[in-house]
Amino acid sequence: MADGGGAITVKTACPYCGVGCGVTGAVASQGSEGRALSVTGDPAHPANLGRLCSKGTALGATVGLQGRLLEPTIGGKPASWTEATALVAKRFRDTIAKHGPDSVAFYVSGQLLTEDYYVANKLMKGFIGSGNIDTNSRLCMASAVAAHKQAFGADLVPGCYEDLDLADLVVFSGHNAAWTHPVLFRRMEAARARGQKHVVIDPRRTDTAEGADLHLAIAPQSDVRLWNGLLADLIRRGAIDRDYIAAHVNGFAEIEAALAELDQSPAAVAADCGVALDDLLSFYNLFADNPKTVSLFSMGANQSAQGTAKGLSILNVHLATGRIGKPGACPFSITGQPNAMGGRETGGMANTLAGHMDFAPADRDRVARFWGAPDTARAPGLKAVEMFEAVHAGKIKAIWVMATNPAVSLPDASRVREALERCPFVVVSDCVDTDTTAFADVKLPALAWGEKDGTVTNSERRISRQRALFPAPGQARADWRIVADVAKAMGFDGFGWASQASVFREWARLTAYENQDRVLNLSGLSAITPEAYAGLLPVQWPVTTDGQGTPRLFTNGRFQTPDGRARMIPTRPRGPADAVDAAYPLSLNTGRIRDQWHTMTRTGLAPDLCRHAPEPFVEIHPADAEAAGLKDGALTRVITVRGEAVAVAKVTDRQRLGGVFMPMHWTDAFAPSGRSNPLIAPNLDPVSGQPEFKHTPARIRAYRETWKGFLLTPDARGAPVGQDLVWRRIPQDACQLHEFAGRGDEAQREAVRKLLTKGLIGEVVAYDDAATGARREAWVRDGRLVAVLFMTTTGRLPPRDWLAELFALPALDAVARSSLLFGRAPGAPVDKGPLVCACLKVGARAVQAAIVAGAASPDAVGAVTGAGTNCGSCRPEIARMIAASPAASPAKETAHVVA
Ligand SMILES: Nc1nc2c(c(=O)[nH]1)N[C@H]1C(S)=C(S)[C@@H](COP(=O)(O)OP(=O)(O)OC[C@H]3O[C@@H](n4cnc5c(=O)[nH]c(N)nc54)[C@H](O)[C@@H]3O)O[C@H]1N2
Ligand SMILES: Nc1nc2c(c(=O)[nH]1)N[C@H]1C(S)=C(S)[C@@H](COP(=O)(O)OP(=O)(O)OC[C@H]3O[C@@H](n4cnc5c(=O)[nH]c(N)nc54)[C@H](O)[C@@H]3O)O[C@H]1N2
Ligand code: SF4
Ligand SMILES: [Mo]
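Letter 706 of the sequence shown, counting from 1, is numbered 706 in the working numbering, and no numbers are missing.
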């Protein structure tokens, strides 16, 4: 539709987290003028009611075409679609003919649309006849899926977002919602202002924990003990719902017997979980007193070698108290990716077939009949980590990776890279070059957000439309179509859809096909017309009458088991897969930061999203830092049996003693030595196959650089080849900041300097002081700044903001020129500090100044600076800065983290 000003506005959905916010995009320009897009939250979308977080707000900065894959390539050389499709089809066909269907695999992603997922799964499981298609949701949701299936009979999420408004108590289990599901968190903060209580279970004091009524900083991996202890306590108090259990739940006697194997006294549980008895009792009291409880669980629960047990322990408590299927009461596994749910529905996981049907003969035959595919797989395929192990072992000889970056995001990432290197045939569909496309024999250019068109399902089972805002750039194509073309070229029938609407219709028909008792049923959409599909409003499945969704499941106490009753499954606490020891005494935990999305292929394009946490860091408890001789801000080696990374120490008591935390986001493009995943042990939950990303034994040491420096250039540069450096790239508004540090002598410094300055053209101003090891150089051409290089051995470097901003000027003025080598103009402000508010670009220094001037609440700081007034995800941090600030002395956080 076009508004009065002529801009085209389109309603679509955010491509990031599983909240699934509705977005209204207004395209201001496209084509040869470059793309300009402004986005706002869609007030009519039930998931967000108009709100967006910092990442959603910055979507406009990520739609440029720079760096996009715009044509297929074979062996690095441009190819036509006809050639690329024929080659992929031939190599897969030949491999299958020679080695059987299980010698090939697809590794797909929760960032595909439902239509893409459906087509990829139909090709692999239905027509190639192998179960070898798995999704990155294996790293994310697999444990919750397994728990749901065991307890409810199918992968069903009972609740909806409205329950988060209605609950009196919300428990966050391994869930840093303030950063990872910010729009939902704001909604719960509003409920909290009305009296809702929040309990956070997380070894770290996250921003979610900071403002909560109670934070249980449990020992890593002690969740099962905590939840089982809660169940035992509720039984002791008589606070369980015996009528509900009698009518709707099996297995309670077995649970009681299993609980009796251990001392369930609060004192014993508190000791095992490493929390104060009073805190434990506060939690148990809150739980007993508030029937309207929602227990959110996320990666702190799922990403564990006992992830399924953690999920089941939470479900058990809700089943025993009948807190399920009721307004304001449910266990709630929250999804990470925008379409993790769609993948679980269509069969993106190796152990399910499609439409919540598995490999039981009756299910399998039904799906095979529906597809007209007699060769449909009869057994599950390999799960993600096992899949790449099979590639490494040479059992899988051709793999197609779509919409995920396994060279960065899988555990034991160096081994994954080895596997990709060895694999005879690697196909990667992506929108940009990544650490994974570096291994591709064939690269296929996919449509990106803003171009693709189809459906996604969010955490509350709500199906929303993603719609195109821009025409397809270059030769990029929809993922479903790329796969369908390969299927046709392999000689298979049943892939001839004219549009995504017809793919969706077929998918909806499958969910309804011979459906006696499957809750996942889209029969109300199975005859949807292209026009209705185009205008489809957000709706929660099951949808059995046209246009009418289902907010809550299990409202009648019936589950999808043969007897309709839920199953309580006993769980037993145990330690992490690998215990810490004298050599590796710390537990390495990993996860997310507020403003980056996974491997940074999109959020890394938005300078504003790169300034809250500009470079890899490791959070360390003050006592552990002291023991290792590490100061806040020091470059730190984090070492495990598998690998090593270097990150900036953040010394903080928000981290539990004995543990360290690293974000997962950095890649070769941004900080090759700051990647977390080469360190991670590939220990798996035996039931779900999900890796234990939250625990690997580790040790820390000072990096002890002997020199460091930074380079500012308009273009992005990689680390100089052949040098042992810690290298980080941090995008700025008008240039790229490269920070580096080394341990070599003068010869290394000189070698690095030569490599960095090679090819720079312009008038050079330089300053060199052998005594202090200082080297400062600037290049100016036609009055414009071309590059700036600062190096030092003494540890002091000037601030970066002023220099970085000079790259925006069409010409340097005299003051700027004469101040270049000081790194700062007389009277120019020092750095803004890390960006606290990414939405309104407010730095730590401005927030600090407002606090010093008397702003005593996040609202007051917001009134003065604007910080926190858009998405609000920085409000916990502002509150912390207020609390930490004796108004007179500037707090530590204002120091530039890379100084
Ligand atoms: N900003 C941002 N938001 C995102 C994403 C992103 O990349 N960036 N990704 C999206 C995706 S795909 C996902 S899966 C979600 C994940 O969302 P979250 O699960 O909230 O994110 P994480 O930071 O991975 O982990 C959550 C917490 O688990 C804690 N934890 C570690 N070990 C344990 C333990 O043994 N027990 C308990 N109880 N807690 C533990 C960690 O300390 C961490 O604070 O976020 C989604 N949203
Ligand atoms: N250490 C550690 N590792 C982790 C985790 C952790 O907590 N700790 N969390 C895990 C979890 S929960 C997750 S979900 C994974 C995420 O890990 P990944 O899936 O590897 O991360 P992304 O960066 O989201 O990768 C998505 C890729 O798809 C591309 N892309 C985007 N849209 C499209 C599209 O429409 N089509 C195609 N073909 N490509 C597209 C992007 O450019 C990008 O390269 O990481 C896991 N890894
Ligand atoms: S909370 Fe943020 S990242 Fe998640 S869907 Fe909404 S705008 Fe996107
Ligand atoms: Mo995830």
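The beta carbon of each residue, even a glycine, is placed where N, CA and C say it ideally should be. Just so you know, these numbers come straight off a predicted model, no measurement behind them.
Cβ-heavy atom distance, residue 336 to ligand 4, below 6 Å: Here residue 336 refers to the residue found at position 336 of the sequence shown. Within the cutoff, so yes.
In whole angstroms, what is the alpha-carbon distance linking residue 712 and residue 295? The count along the sequence shown starts at 1 and reaches residue 712 at position 712. The count along the sequence shown starts at 1 and reaches residue 295 at position 295. Answer to the nearest angstrom: the Cα atoms are 47 Å apart.
If you run the structure through DSSP and keep just helix, strand and coil, what is residue 602? As a first step, residue 602 is located in the sequence shown; it is residue number 602 there, counting from the start. The answer is coil: DSSP assigns residue 602 none of H, G, I, E or B.
Is residue 650 near ligand 1, in the sense that its beta carbon is under 6 Å from a heavy atom of that ligand? For this step, residue 650 is matched to residue 650 along the sequence shown. Checking every heavy atom of ligand 1 against the Cβ of residue 650, none is found closer than 6 Å.
Run the CB neighbour count on residue 510, radius 10 Å, all protein chains shown included, and call it buried at 16 or more, exposed below. Translated into the one-based positions of the sequence shown, residue 510 becomes position 510. Buried: at least 16 other Cβ atoms inside 10 Å.
Candidates 537, 461, 530, of which the one nearest residue 519 by Cα: The residue labelled residue 519 in the question sits at position 519 within the sequence shown. Comparing Cα-Cα distances from residue 519 to each of 537, 461, 530, the minimum goes to 461.
Do you know offhand how far residue 577's Cα is from residue 43's? On the sequence shown, position 577 is the one that residue 577 refers to. On the sequence shown, position 43 is the one that residue 43 refers to. Straight-line Cα distance between these residues: approximately 46 Å.
Cβ contact (3+ pairs, closer than 8 Å) linking the region 165-181 and the region 858-868: no
Please classify residue 870: is it buried, with 16 or more other beta-carbons within 10 angstroms of its beta-carbon, or exposed? The residue you call residue 870 lines up with position 870 of the sequence shown. Counting Cβ neighbours within 10 Å, residue 870 comes out buried, since at least 16 surround it.
Can you find a heavy atom of ligand 1 that lies under 6 Å from the Cβ of residue 203? Your numbering for residue 203 matches position 203 in the sequence shown. Yes, since a heavy atom of ligand 1 falls inside the 6 Å radius drawn around the Cβ of residue 203.
When burial is assigned at 16 or more other CB atoms within 10 Å of the CB, is residue 767 buried or exposed? By 1-based counting over the sequence shown, the position of residue 767 is 767. Looking at its Cβ environment, which holds fewer than 16 other Cβ atoms inside 10 Å, residue 767 is exposed.
Counting C-beta neighbours from all protein chains within 10 Å, is the total for residue 4 16 or more, i.e. buried, or is it exposed? Walking along the sequence shown from the start, residue 4 turns up at place 4. Confidence is the limiting factor: at residue 4 the pLDDT is only 44, short of 50, which leaves the residue's position unreliable, though a coordinate-based value still follows. Residue 4 comes out exposed.
In this structure, how does DSSP classify residue 837 when only helix, strand and coil are distinguished? Stepping through the sequence shown from its first residue, residue 837 is reached at position 837. Residue 837 falls in the strand class under three-state DSSP.
Residue range of the alpha helix (DSSP H) that includes residue 166: Here residue 166 refers to the residue found at position 166 when the sequence shown is read from its first residue. Its alpha helix (DSSP H) spans residues 161-166.
Check for me: the beta strand (DSSP E) holding residue 680 runs from which residue to which? In the sequence shown, residue 680 corresponds to position 680, counting from 1. Here residue 680 belongs to no beta strand (DSSP E), and DSSP marks it neither H nor E.
Local conformation of residue 331 per DSSP, three classes: The residue labelled residue 331 in the question sits at position 331 within the sequence shown. Residue state, collapsed to three classes: strand.
With 16 as the cutoff for other CB atoms within 10 Å, does residue 404 come out buried or exposed? Here residue 404 refers to the residue found at position 404 of the sequence shown. Residue 404 comes out buried.
To the nearest angstrom, how far is the alpha carbon of residue 255 from that of residue 308? Looking up residue 255 in the sequence shown gives position 255. Looking up residue 308 in the sequence shown gives position 308. Residue 255 and residue 308: Cα-Cα distance of roughly 16 Å.
For residue 402, which of 373, 421, 432 has the nearest alpha-carbon? Position 402 of the sequence shown, counted from the first residue, corresponds to residue 402. Nearest option by C-alpha distance: 432.
Applying the 10 Å Cβ sphere with the 16-neighbour rule, what's the burial state of residue 373? In the sequence shown, counting from the first residue as 1, residue 373 sits at position 373. Classification for residue 373: buried.
From 494, 394, 395, 358, pick the residue whose C-alpha is nearest to that of residue 380; which is it? Position 380 of the sequence shown, counted from the first residue, corresponds to residue 380. If we check each option's Cα against that of residue 380, 358 comes out closest.
With a cut-off of 8 Å on the beta carbons, I'd call residue 665 and residue 612 a contact; round off their distance for me. To locate residue 665, count along the sequence shown from 1; it is residue 665. To locate residue 612, count along the sequence shown from 1; it is residue 612. Between residue 612 and residue 665 the Cβ distance is about 12 Å, and since that is not below 8 Å, they are no contact.
Using CA atoms only, rank isn't needed, just tell me which of 272, 251, 449 is closest to residue 477. For the purposes of this step, residue 477 is taken as the residue at position 477 of the sequence shown. It is 449.
Straight-line Cα distance separating residue 133 from residue 333: Taking the first residue of the sequence shown as position 1, residue 333 is located at position 333. Taking the first residue of the sequence shown as position 1, residue 133 is located at position 133. So the two alpha carbons sit approximately 23 Å from each other.
Here's the rule I'm using: 16 or more other beta-carbon atoms within 10 Å means buried, otherwise exposed. How should residue 419 be labelled? What you label residue 419 is simply residue 419 of the sequence shown in a count that begins at 1. Buried is the call here.
Are there 16 or more other CB atoms within 10 angstroms of the CB of residue 87, so buried, or fewer, so exposed? Within the sequence shown, the letter at position 87 stands for residue 87. Under this definition residue 87 is a buried residue.
Who are the near neighbours of residue 392 in its chain, counting only those whose CB is closer than 7 Å to its CB and skipping five residues on each side? Here residue 392 corresponds to residue number 392 of the sequence shown, with the count starting at 1. Cβ within range, chain order: 415, 418, 419, 422.
Whether residue 513 touches residue 661 by CB criterion (7 Å): Taking the first residue of the sequence shown as 1, we reach residue 513 at position 513. Taking the first residue of the sequence shown as 1, we reach residue 661 at position 661. No, these two residues do not count as a Cβ contact at 7 Å.
Consult DSSP for residue 822 and reduce its assignment to one of helix, strand or coil. Locating residue 822 in the sequence shown gives position 822, counting from the first residue. Here residue 822 sits in helix by DSSP.
C-beta atoms of residue 188 and residue 164 nearer than 7 Å: Start at 1 with the first residue of the sequence shown, and residue 188 comes out as number 188. Start at 1 with the first residue of the sequence shown, and residue 164 comes out as number 164. In this structure, residue 164 lies closer than 7 Å to residue 188 by Cβ.
Taking DSSP as the reference, what is the three-state secondary structure of residue 437? Looking up residue 437 in the sequence shown gives position 437. Helix, per DSSP.
Selected residue, minimal CA-CA separation from residue 582, among 148, 847, 698: For this step, residue 582 is matched to residue 582 along the sequence shown. That would be 698, whose Cα lies nearest to the Cα of residue 582.
Do residue 130 and residue 101 come within 7 Å of each other at the CB atom, strictly closer than that value? Your numbering for residue 101 matches position 101 in the sequence shown. Your numbering for residue 130 matches position 130 in the sequence shown. Yes, these two residues count as a Cβ contact at 7 Å.
Counting Cβ pairs closer than 8 Å, one from the region 826-841 and one from the region 603-620, do we hit at least three? yes
Can you tell me where the alpha helix (DSSP H) with residue 316 in it begins and where it stops? Looking up residue 316 in the sequence shown gives position 316. Note, residue 316: alpha helix (DSSP H), 307-320.
At the level of alpha carbons, what is the spacing between residue 177 and residue 271? Here residue 177 is taken as the residue at index 177 of the sequence shown, counted from 1. Here residue 271 is taken as the residue at index 271 of the sequence shown, counted from 1. Distance between the alpha carbons of residue 177 and residue 271 is about 27 Å.
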